[in-house]
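Per the working numbering: the sequence shown ends with 150, consecutive numbering throughout. Where is the CB? At the ideal position from N, CA and C, for every residue including glycine. Computed from a prediction, not measured in an experiment: that's the story for all the values here.
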Amino acid sequence: MKKLLSISLLLVLILTTGCGSDVLCSTGPATITVEFVDKDSGENLFENGTFDSKKEVTITDLDQNKVIESAYVNSDKLNRLTFSLGWESKSLKYAITIEGKNVCEIYAVTEKRTGGECSSVAIKSVEVKNAELKQDNTTGVYKILINTKG
């Protein structure tokens with residue numbers, strides 16, 4: 001009985017002191033992943049050889065005129081480009097250049113959300129100029145549909 005009382009007291013002590021109220025959590029910056037596909041065939045333009053995956057892909061912030069860091073994913077034949085939209089609520093204008101050619105411009109709006117002690121940055125809207133845009137609802141990947149015939 002004495003052991004049971006000691007274990008119960010220890011358990012109550014652990015449960016009541018386990019969490020502090022000064023917890024800070026964040027989901028990180030909003031990111032966007034895009035895939036460049038032929039508007040007519042639906043083929044990935046890196047896979048079919050229209051674009052060379054070894055050539056430079058540049059994303060430029062049009063408001064600040066600076067190059068944005070990005071990651072090109074070509075494992076498992078994904079051939080996608082991922083880049084950060086930041087940690088704050090803002091409107092962004094990016095130009096994507098592949099092999100020295102301006103492929104499209106992306107306009108995105110992000111919004112910072114808070115709930116309790118946690119915060120996150122969500123993508124509120126995305127638009128594309130000089131191409132069409134379609135989001136895959138399963139993966140969240142944005143497909144940029146490019147007319148390669150003209």
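Each of Glu105, Val34, Ser89, Asp63 was checked against the Cα of Lys124, and the nearest Cα belongs to Ser89.
Residue ranges of uninterrupted beta strand (DSSP E) with 3 or more members, entirely inside the region 18-65 and ordered along the chain, are 30-38, 57-61.
In the DSSP assignment, Ala122 forms a beta bridge with Glu111. Rounded to the nearest angstrom, the Cβ distance from Ile32 to Leu78 is 15 Å, too far for a contact under 8 Å. Contact between the region 43-59 and the region 93-112 is present, with at least three C-beta pairs closer than 8 Å. DSSP places Gly86 in the uninterrupted beta strand (DSSP E) bounded by 80-86. The beta carbons of Thr110 and Val121 sit closer together than 7 Å.
By the beta-carbon neighbour count (other beta carbons within 10 angstroms, threshold 16), Arg113 is exposed. Between the alpha carbons of Ile146 and Leu133 lies a gap of roughly 9 Å. Annotation for Lys149: no beta strand (DSSP E) segment contains it, and DSSP assigns it neither H nor E. Under DSSP, Asn102 shares a beta bridge with Thr97. A direct Cα-Cα distance of roughly 42 Å separates Phe46 from Glu117. In this structure, Tyr142 sits near Val34, with a CB-CB distance shorter than 7 Å.
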